[in-house]
Amino acid sequence: MPELPEVETIARGVNARVRGDRIVHAWFANHQRLFKSHAVRQAKGLEGRVLVSVHRTGKHIVCELASAPKGRHSSKAELQPDAQWIVHLGMTGRLLVTTPDAPVAPHTHARLELESGKELRFVDPRRFGKLDFRDLKGGEAFNAAGAEPLMIAQEEFAALFRGRKLAIKAALLNQSLLSGIGNIYADESLFHAGIRPRRGAGRLTRAELERLRLALQSVLEQAIRLGGSSVSDYVDAEGMRGFFQLEHCVYLRTGQPCRHCGTPIQRITLAGRGTHFCPKCQR
DNA sequence: CATTTCACCTGGTGGC
DNA sequence: TGCCACCAGGTGAAAT
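Numbering (this note's numbering), first residue to last: 1327 to 1609.
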C-alpha cells in the first residue's frame, strides 16, 4: 500500500502521539514471516524502552528506542537511543495509535501497550509487512539501501541511471537506487516529466533526467501535504484517509481523458506492475 | 553482475 | 446469492 508520502504521513502522526511514551507490554501474533528478528526477541527488546522518536527512511518507519529508568519523565525525548523498531507496511499494512478499548481490527498482528494507556497497533491483511528490532549495541543502525528522492542532487540522480538498460519505470521502483518510490508515484512523476515508462533508463537525456528529478520531488511533496493517496484502504496513524488520489493524472485512470490533452490514458504491464501513461504527453 | 519473473497473502470487484 | 478470474500500493528469492 504505502509509498514514501503515506509512510511519511504515518510516521509523523505516530511520532506526534507516542513520542516520550514507554512500552509496557508487547504482543505479537504467530506469523513467522512478519518478523525479521524473532518475535520473542522483539517483545523483550521493546518492553520497558521509551519511544524517543519515530521517523521515515524510504518506505520504512523507524522507531528510536531508549532504555530509561522509570519515574523520570522530564526529558525522555532527549534520551540517547540504544535500539530501533523498524516497521515496513508492505502492501496493506497500517500502523495505528488507538485507545486500549478500541475494537481490535481483523489481522492485527502487533499491539504495543504504552504507559500513557494508548496502544500502537500493526494491522496487515496480506501480511507482506515486516517488523524488525535492532539493538544498537553490537548491531548497526537501520539504513535504507537507496538514496532519498527528496534530498538527492542533480548529479547524483543522473548517475543512478547511467548505463542501465532497464525501463525507467523499473529503475524508479528499484529500492536500492532510490528508496520510497512505488507504483503510484513512479507513474505520476513520469507523467509530470513527460517521459514514457518504457524508455531505457540509461538513454534519457540530461534534461529529461532533471525534469524527472524535479517532478518526483514536487509530486512527493504535494502528496505529503495532502496526507498521501488513499486508493483503497490506506489510512494514517489516526485512521484518516489522504487526498492525493484526487490529484492523480494517470494512476488507475485507464481509458479516462488525460487532464492535459484529453487523450485516453493507456495501461500496460511493465516490471509485472500495472503502468499508466498518456501516449501523447509522454514521449 | 543486471534484469526479469514469481511466490508470498487476503480481499474487493465485476462477469456470468 | 455463489463461483470464478482478475486485480491490488511491495519485496526478495530464484531463474535467466
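Beta carbons: idealized from backbone N, C-alpha and C, even for Gly.
The model shown is predicted, which means the values in this text are computed figures rather than measured ones.
Could you pull out every residue in the same chain whose Cβ sits closer than 8 Å to the Cβ of residue i, ignoring the five residues on either side in sequence?
i	result
I1510	E1329, S1555, V1557, H1574, Y1577
H1381	A1337, N1341, I1387, V1388, E1390
D1450	L1360, L1415, G1416, T1418, G1419, R1420, H1433, H1435
R1585	C1575
T1589	P1583, C1604, P1605, K1606, C1607
H1357	H1435, R1453
F1462	For clarity, residue 1462 is Leu in the given sequence; the question names Phe instead. Contacts found: P1407, D1408, A1409, Q1410.
C1587	C1604, K1606, C1607
Skipping 5 residues on each side, what residues in its chain have a beta carbon closer than 7 Å to that of residue i?
i	result
R1338	none
A1533	none
I1452	Position check: residue 1452 holds Arg in this sequence, whereas Ile was assumed. So the qualifying residues of the chain are G1416, M1417, T1418.
R1359	R1453
E1514	V1545, H1574, C1575, V1576, Y1577
Q1501	G1384, A1471, G1472
K1491	G1526, G1528
L1596	A1493, K1495, A1496, P1523, R1524
A1392	R1375, V1376, V1378, L1405, Q1406, P1407, D1408
A1512	K1495, L1498, L1499
For residue i, name the three-state secondary structure that DSSP assigns.
i	result
E1390	strand
R1537	helix
D1461	strand
E1329	coil
R1345	coil
E1445	strand
H1299	Shown here, the chain extends from 1327 to 1609; a query on residue 1299 therefore has no answer.
T1335	helix
V1350	strand
G1281	Given a span of 1327 to 1609 for the chain in the structure shown, any question on residue 1281 remains unanswerable.
L1542	helix
R1367	helix
L1504	strand
F1570	helix
L1599	The residue you asked about is not Leu; residue 1599 is Arg in the sequence shown. The answer is strand: DSSP assigns R1599 an E or B state.
H1433	coil
A1512	helix
A1485	helix
R1609	coil
A1563	coil
V1576	coil
A1549	helix
E1466	coil
Tell me, please, which residues DSSP counts as bridged to residue i.
i	result
R1525	In the DSSP output, where bridge partners are listed per residue, R1525 has none listed.
K1456	H1414
P1590	P1583
S1376	Correcting the residue identity first, residue 1376 is Val in this sequence and not Ser. Note: V1376 sits in a beta bridge opposite R1348, A1392.
V1423	L1446
E1439	H1351, E1445
A1409	L1391, D1461
H1381	V1388
A1519	None, per the DSSP bridge assignment.
A1493	G1526
Under 6 Å Cβ to Cβ from residue i, same chain only, skipping five residues before and after it: list those, please.
i	result
F1459	S1363, Q1368, G1371, W1411
R1525	I1494
L1516	P1523
R1599	N1509
A1470	T1383, G1384, S1505
G1489	G1528
K1456	K1362, H1414
A1315	The structure shown does not extend to residue 1315, since the chain is modelled only from 1327 through 1609, so no value can be given for it.
Hey, residue i and residue j are a contact pair by Cβ (cut 8 Å); roughly how many whole angstroms apart?
i	j	result
R1551	Q1608	25 Å between Cβ atoms; not a contact.
S1442	D1562	The Cβ separation is near 19 Å, so there is no contact.
T1335	G1506	Contact flag wrong, Cβ pair sits at about 12 Å.
P1407	V1378	5 Å
R1343	V1423	4 Å
Q1548	P1475	Actually they do not touch by this definition, with Cβ atoms about 13 Å apart.
I1591	G1581	7 Å
F1487	L1530	7 Å
H1602	R1567	Contact doesn't hold; Cβ gap of about 21 Å is too wide.
Stretch-stretch touch, CB-based, cutoff 8 Å, three pairs: the segment 1368-1376 with the segment 1491-1499: Judged by pairs of C-beta atoms under 8 Å, the segment 1368-1376 does not touch the segment 1491-1499, as fewer than three such pairs exist.
At least 3 beta-carbon pairs within less than 8 Å: the segment 1537-1546 vs the segment 1469-1483: Yes, the segment 1537-1546 touches the segment 1469-1483.
The segment 1343-1356 touching the segment 1434-1453, judged by at least three CB pairs closer than 8 Å: Yes, the segment 1343-1356 is in contact with the segment 1434-1453.
The segment 1461-1478 / the segment 1420-1427 touching (three or more Cβ pairs under 8 Å): Flag = no, the segment 1461-1478 and the segment 1420-1427 do not touch.
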